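Each residue of the sequence shown is one higher than the one before, counting from 13 in the working numbering.
Just so it is clear, CB atoms sit at the ideal spot from N, CA and C, and this is done for glycine as well.
Note that the structure is predicted; figures quoted are calculated from it, not measured.
Written out below as structure tokens is the structure these notes cover.
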Amino acid sequence: MLLKFKGHHPQIAPDVFLAPTATVIGDVIVGARANLWFGAVLRGDLNQLRVGARSSVQDNCVLHTNTSAPTVVGDDVIIGHGAVLEGCTIAPGCLIGMNATVLSGAQLGPGCIVAAGAVVREGAIIR
């Protein structure tokens with residue numbers, strides 16, 4: 013489901029897989045061949061949220077922003093089931109494990125792996 017919020021319409025590449033129960037709200041940009049699975053919620057309500065090409069946002073993930081930071085997910089990123097991302101930057105080629113949480117201001121460099129259930133603390137920089 014694509015929803016307008018505060019004058020912003022989600023911008024989804026035409027070849028994105030959008031599961032019927034995924035919800036994309038507001039200032040969200042999703043790149044080519046990305047996939048948004050069942051129950052995923054992408055909220056561009058307070059800032060912009062970008063998901064790169066060929067990235068996978070799996071079942072029941074929540075990606076949202078805050079007033080101080082957008083959420084940026086690079087190309088070829090896998091975000092495991094149930095993960096939560098808020099106001100962070102994820103470089104290309106990263107893997108975010110199932111039920112992991114990446115907090116505001118965190119920055120993950122290219123190819124980083126976050127273990128299932130892990131918490132990346134606010135403002136953490138991981139290369």
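So the beta strand (DSSP E) H76 belongs to, where does it begin and stop? V74 to H76
When the Cα atoms are used, what is the spatial distance from A25 to A52? 17 Å
Out of curiosity, what's the CA-to-CA distance linking I102 and M13? 24 Å
Residues near V84 by beta carbon distance below 6 Å, same chain, minus five either side: R62 and T101
Suppose the cutoff is 6 Å on Cβ atoms and the five residues either side in sequence are ignored; what does the same chain contact list for F29 look like? N47
I need the boundaries of the beta strand (DSSP E) containing E134, first residue and last residue. Segment: none, E134 is in no beta strand (DSSP E) and carries neither H nor E.
Distance, Cα to Cα, I90 vs G19? If I take the Cα positions, the gap works out to 29 Å.
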